[in-house]
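Student: My questions will all concern the structure given below.
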Amino acid sequence: MLKFSFISIIFLKLITGLAAKQPNVLFILVDDMGARDLSNEGSTFYESPNIDRIANEGMKFTRGYASCQVCSPSRASILTGKYPTNHGITTWIGDSAGEAWNKRGRNDSHFPPEYERNLRVSEITLAEAMRNAGYKTFFAGKWHLGSEGSWPTDHGFDINKGGWDVGGPRGGFFAPYINPNLESGPDGESLTLRLGQETADFIEAHKDQPFLAYLSFYTVHAPIQTTQALWQKYRDKAEKMGLTESKERFLFDRRLNVRQVQDCPIYAGMIEQLDEAVGIVLAKLDEFGLDDNTIVCFTSDNGGVSSGDAYATSNLPHRGGKGRQWEGGIREPFYIKFPRITKGGLKNTTPVNGIDWYPTILELCGIKIPKNQKVDGVSLVPLLKGKAIKNRSLFWHYPHYGNQGGEPSSIIMEDDWKLIHYHEDGRDELYHLGNDIGEQNNIFKKENKRSLQMRKRLDAWLKQTKAKFPQPDPKFDSKKRNFRWGNIETKGKEVLEKRHASFLDPKYQPNKDWWGSQID
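With the working numbering applied, the sequence shown corresponds to residues -8 to 511, in that order.
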């Protein structure tokens, strides 16, 4: 009997050891979250203790980047391990291209090129690779990688809760929702909390098998909406911090006005509700003892919206935001927590990119990259283990116009050196991020030799990846464009200042369709 018990114990240990070699994955992707939108990233206005926990208990990459300054390209890069030039989605799906761009009445000088409007069937996504290796795969939230026939369940996810064509929450952030893949909850239910709970329920139902839970929030994308209680909390906090007396919140930067201060109580409420939803999922991992064997990843798809859309946040000291070519548009929170190989509180300054998630997660799970999936990213596992990866150049190509003031451009980054090439007029900017994090001092001419070498490498990469470029509009009228910019800088700024000051007015009332934020 004793002999049998001893053998049984050994057998159980072996089984447990084998199971431990198949970690679970919780991938959390936020829409439009800026690099400074979390308290652990330096925000003194927003509060995010649950998300901070991921950063504090894992490895925080202080130079984490999205693969593009807008959403769809970055999302495709995470799932394929490829640069946007290689998977073909180079702007948000639904954006205008070619002569159709003229219908927007922006008087821009070029026509943006066409792009892939569905994630290619030929791509072997992260979800497909993991499902083929025996993982149960789950998706919740924003997809925005194609229309019906190119939804999550067409690209490797067994279950889809809320992912479809659109990039924003139709119907807003409170039920009733307008979503063919998510049953609406009772009026007033929070979409953000609902997605967190759906993910937690999936984890509980599949706790005994390896899983990929891909939680892709619609928040903190526009429209900015929160509850009455959270608005009140952050309105009062802004007052205590002296932020209600701000006389000027916006600064015109090249093409649009850009928010310079974090004081929007509505957006702050969205951050807190996002954090609460993340907390629901983390608590479920803790409840079933899955924390030690679950890889938790956290990031965003592009920079915070400081201009255009809802003008919701400030990314300072980073310049610009979503849609723009500066650091505010591409630098992101980028955390990996896996207790089996990483100690808590680690920070890494190596520049890493959204293309790296694919090979990193697969290596951590003991899965080989599929032979037919040529990836551009590299595994970050050596960094998680305290080692280094080979120095490399990182690239971005965005031949479109951002709704947030972005310009058609390409980027090459090498260590602290960042070169931006603009496709409208062929000019270049070179910044040393270590000395100039705000990208205010263009040293292209001063560092002429380095500039030309980097530009040569950028041109070679663009040629190699068969990048598409914008084409000149023969009817372009610079006077009309400059007139438009002048109006934005003057009248537009005046409207913005009044609107955002009103959010802090003690008598502020939300829109009538904010079910979750009505006063009883």
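We put the CB at the ideal spot given by N, CA and C, even for glycine.
Measure the beta-carbon distance from Arg66 to Leu173 and round it to whole angstroms, keeping in mind my assumption that it falls under 8 angstroms.
Tutor: Not confirmed; about 18 angstroms, so no contact.
Student: Tell me the rounded alpha-carbon separation between Pro373 and Pro342.
Tutor: Roughly 14 angstroms separates the two Cα atoms.
Student: Residues in its own chain within less than 7 angstroms of Asn306 by CB, not counting five upstream and five downstream?
Tutor: Answer for Asn306: Gly25, Ala26, Arg27, Gly294, Gly295, Ser297, Gly312 and Gly319, listed in chain order.
Student: Grab the span of the beta strand (DSSP E) containing Ala131 for me, first residue to last.
Tutor: Element bounds for Ala131: Lys127 to Gly132.
Student: For Val211, count neighbouring Cβ atoms within 10 angstroms of its own Cβ and tell me buried if that reaches 16, exposed if not.
Tutor: Burial call: buried.
Student: Please determine whether the Cβ atom of Ile194 lies at a distance below 7 angstroms from any heavy atom of the ligand GDP.
Tutor: The ligand content of the structure shown is nil, which means the ligand GDP is not present either.
Student: CB-CB under 7 angstroms to Pro324, same chain, minus the five flanking residues each way: which ones, in chain order?
Tutor: Hits under 7 angstroms: Met24, Ala26, Leu29, Glu32, Gly55, Phe289, Thr290 and Ser291.
Student: If I'm right that Arg240 touches Gln223 with Cβ under 8 angstroms, what's the distance once you round it to whole angstroms?
Tutor: That pair is no contact at about 20 angstroms.
Student: Please classify Gln253 as buried or exposed, where buried requires at least 16 other C-beta atoms within 10 Å of its C-beta.
Tutor: Under this definition Gln253 is a buried residue.
Student: Less than 7 angstroms between C-beta atoms, sequence neighbours within five positions excluded: which residues of the same chain meet that for Ser237?
Tutor: Counting only Cβ-Cβ distances below 7 angstroms, and skipping sequence neighbours, we find Val252 and Asp254.
Student: Give the DSSP bridge partners of Glu420, in chain order.
Tutor: In DSSP, Glu420 forms a bridge with Ile411.
Student: With H, G and I counted as helix, E and B as strand and the rest as coil, what does DSSP make of Leu3?
Tutor: In this predicted model, Leu3 has a pLDDT of only 41, less than 50, meaning its place in the structure is not dependable; the value taken from the coordinates is given anyway. In this structure, Leu3 counts as helix in the three-state DSSP scheme.
Student: Judging by CA-CA distance, which residue of Gly270, Trp134, Tyr349 and Phe329 is the nearest neighbour of Met121?
Tutor: Among Gly270, Trp134, Tyr349 and Phe329, the Cα nearest to that of Met121 belongs to Tyr349.
Student: Going by the beta-carbon positions, is the gap between Ala268 and Gly187 smaller than 8 angstroms?
Tutor: Their beta carbons are under 8 angstroms apart, which means Ala268 touches Gly187 by this criterion.
Student: Taking Cβ to Cβ, would you say Tyr205 is nearer than 8 angstroms to Phe129?
Tutor: Result yes, Cβ atoms of Tyr205 and Phe129 sit closer than 8 angstroms.
Student: Would you report the Cα separation of Glu107 and Gly85, rounded to the nearest angstrom?
Tutor: So the two alpha carbons sit approximately 10 angstroms from each other.
Student: Would the region 218 to 232 and the region 185 to 201 be scored as touching if the rule is three or more Cβ pairs under 8 angstroms?
Tutor: Taking 8 angstroms as the limit for Cβ pairs, the verdict is that the region 185 to 201 does not touch the region 218 to 232.
Student: Can you give me the start and stop residues for the alpha helix (DSSP H) that Val269 sits inside?
Tutor: Where Val269 is concerned, the enclosing alpha helix (DSSP H) stretches over Pro256 to Glu278.
Student: In whole angstroms, what is the alpha-carbon distance linking Gln444 and Cys356?
Tutor: Distance between the alpha carbons of Gln444 and Cys356: 39 angstroms.
Student: Bridge partners for Trp387 per DSSP, in chain order?
Tutor: Looking at the DSSP assignment, Trp387 forms a beta bridge with Ile402.
Student: Taking Ile411 as the reference, give the member of Asp427, Asn382 and Ser442 with the closest Cα.
Tutor: Of Asp427, Asn382 and Ser442, the residue nearest in Cα terms is Ser442.
Student: Less than 6 angstroms between C-beta atoms, sequence neighbours within five positions excluded: which residues of the same chain meet that for Val249?
Tutor: Same-chain partners within the cutoff: Leu242, Ser297 and Ser298.
Student: Between which two residues does the alpha helix (DSSP H) harbouring Met445 extend?
Tutor: Element bounds for Met445: Asn439 to Gln455.
Student: Going along the chain, which residues of its own chain have a beta-carbon closer than 7 angstroms to the beta-carbon of Ile332, five neighbours each way excluded?
Tutor: For Ile332, where only same-chain residues beyond five positions count, the Cβ hits under 7 angstroms are Leu375 and Lys376.
Student: Express the C-alpha separation of Ala213 and Lys466 in angstroms, rounding to a whole number.
Tutor: Between Lys466 and Ala213, the C-alpha separation is close to 33 angstroms.
Student: Rounded to whole angstroms, what's the CA-CA distance from Leu117 to Leu70? Just pull it up for me.
Tutor: Rounded to the nearest angstrom, the two C-alpha atoms are 5 angstroms apart.
Student: Considering Cα atoms alone, identify which of His423, Glu195, Tyr258 and Pro330 is closest to Lys436.
Tutor: Of the candidates His423, Glu195, Tyr258 and Pro330, the one whose C-alpha sits nearest the C-alpha of Lys436 is His423.
Student: Could you say which of Glu415, Arg315, Asp156 and Arg246 lies nearest to Asn100 if we only look at CA atoms?
Tutor: Inspection of the sequence shows that residue 100 is occupied by Ser rather than by Asn. Ser100 has its Cα closest to that of Glu415, out of Glu415, Arg315, Asp156 and Arg246.
Student: Less than 6 angstroms between C-beta atoms, sequence neighbours within five positions excluded: which residues of the same chain meet that for His197?
Tutor: Counting only Cβ-Cβ distances below 6 angstroms, and skipping sequence neighbours, we find Lys127.
Student: Which two residues bound the contiguous alpha helix (DSSP H) that contains Met50?
Tutor: Met50 -> not in any alpha helix (DSSP H); beta strand (DSSP E) instead, spanning Met50 to Phe52.
Student: Less than 8 angstroms between the CB atoms is what I'm expecting for Thr76 and Ala458, so what's the real figure, rounded?
Tutor: Confirmed, Cβ separation roughly 5 angstroms.
Student: Quick check on DSSP: helix, strand or coil for Ser(-4)?
Tutor: Any answer about Ser(-4) is weak, because its pLDDT of 43 lies below 50 and its placement is not dependable; what the coordinates show is given next. Of the three classes helix, strand and coil, the one that applies to Ser(-4) here is helix, per DSSP.
Student: Should Phe386 and Tyr74 be called a contact, given that it needs their Cβ atoms to be closer than 8 angstroms?
Tutor: Contact: yes.
Student: With H, G and I counted as helix, E and B as strand and the rest as coil, what does DSSP make of Pro463?
Tutor: In the structure shown, Pro463 sits in a strand (DSSP, three-state: E or B).
Student: For Gln500, does the count of other Cβ atoms within 10 angstroms reach 16, so buried, or fall short, so exposed?
Tutor: Label assigned to Gln500: exposed.
Student: Terminal residues of the continuous beta strand (DSSP E) containing Asn151?
Tutor: Where Asn151 is concerned, the enclosing beta strand (DSSP E) stretches over Ile150 to Lys152.
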